[in-house]
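Residues in the sequence shown are numbered consecutively from 443, following the working numbering. C-beta: ideal position from N, C-alpha, C; glycine also. These notes concern the structure reproduced below.
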Amino acid sequence: MNKPFSTAITQYLDSHQVSYQLLPHQTATITIEETARQRGILASQMVKTLLLRDMGDRLALACIPGNAAVDPKKVRQVLEWRRMTCVDRSQVESITGYPVGTVTPLCLKTSMPILFDHAILQHSIVTISSGSSLAGIALSVQDLIQLCQPRFADIQRTVSVEKTMINCRQ
Numbered sequence: 443m444n445k446p447f448s449t450a451i452t453q454y455l456d457s458h459q460v461s462y463q464l465l466p467h468q469t470a471t472i473t474i475e476e477t478a479r480q481r482g483i484l485a486s487q488m489v490k491t492l493l494l495r496d497m498g499d500r501l502a503l504a505c506i507p508g509n510a511a512v513d514p515k516k517v518r519q520v521l522e523w524r525r526m527t528c529v530d531r532s533q534v535e536s537i538t539g540y541p542v543g544t545v546t547p548l549c550l551k552t553s554m555p556i557l558f559d560h561a562i563l564q565h566s567i568v569t570i571s572s573g574s575s576l577a578g579i580a581l582s583v584q585d586l587i588q589l590c591q592p593r594f595a596d597i598q599r600t601v602s603v604e605k606t607m608i609n610c611r612q
């Protein structure tokens with residue numbers, strides 16, 4: 443008999459009686475596009491999570507749709523902190539408890555502000571990492587918000603119209 447798939451995230455969701463769907467991957471994925479394809483969802487339904495650090499060594503988790511990019515300057519402005527950069531990949535797991543590519547806004551090892559871009563609300567169901575590179579979790583965006591209590595702000599990198607027009611010509 444196979445042991446059911448279980449991670450700290452699935453256990454946490456079960457303990458809080460949150461309804462979710464496990465989305466197993468055929469193989470471990472590296473890109474957002476491949477992950478979305480294997481999960482059978484749109485990239486915009488994925489909650490992409492980036493760990494940022496300011497010059498004073500303060501940490502924040504920035505969450506945006508999978509098809510978007512975080513603008514560290516906007517995160518800095520919202521938090522009223524100094525210059526922010528992504529945390530070095532080699533430090534992500536020791537800070538969050540998750541390997542790079544599996545970070546989720548739930549059950550973090552280190553307490554920190556969590557920021558969600560408003561665009562996460564465009565889908566009623568979103569997906570997060572299960573904490574494993576072999577599965578994602580689909581759940582209600584409202585349940586995710588209730589569990590992690592994020593601060594909402596405009597933290598996406600804005601693509602200029604001029605740049606978009608150039609990309610469309612290629």
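Other residues of its chain near PRO514: CB distance less than 7 Å, five sequence neighbours each side excluded: LEU494, MET526, THR527
Count the other CB atoms, across all protein chains shown, that sit within 10 Å of the CB of SER532; report buried if there are 16 or more and exposed otherwise. exposed
Can you tell me the Cβ-Cβ gap for PRO547 and LEU501, rounded? I've got them flagged as a contact below 8 Å. Contact flag wrong, Cβ pair sits at about 13 Å.
Near GLU475, what residues of its chain come up, given a Cβ to Cβ distance below 7 Å and the 5 sequence neighbours on each side ignored? ALA485
Among the candidates VAL583, ILE562, GLN584, LEU455, whose CA atom is the shortest distance from the CA of ASP596? When each option's Cα is compared against that of ASP596, the closest is ILE562.
Considering only C-alpha positions, which residue in the set GLY543, GLN591, LYS490 is nearest to ALA510? Closest by C-alpha distance to ALA510, out of GLY543, GLN591, LYS490, is LYS490.
Across the region 559-575 and the region 445-459, are there enough close Cβ pairs to call them in contact, namely three or more that are closer than 8 Å? yes
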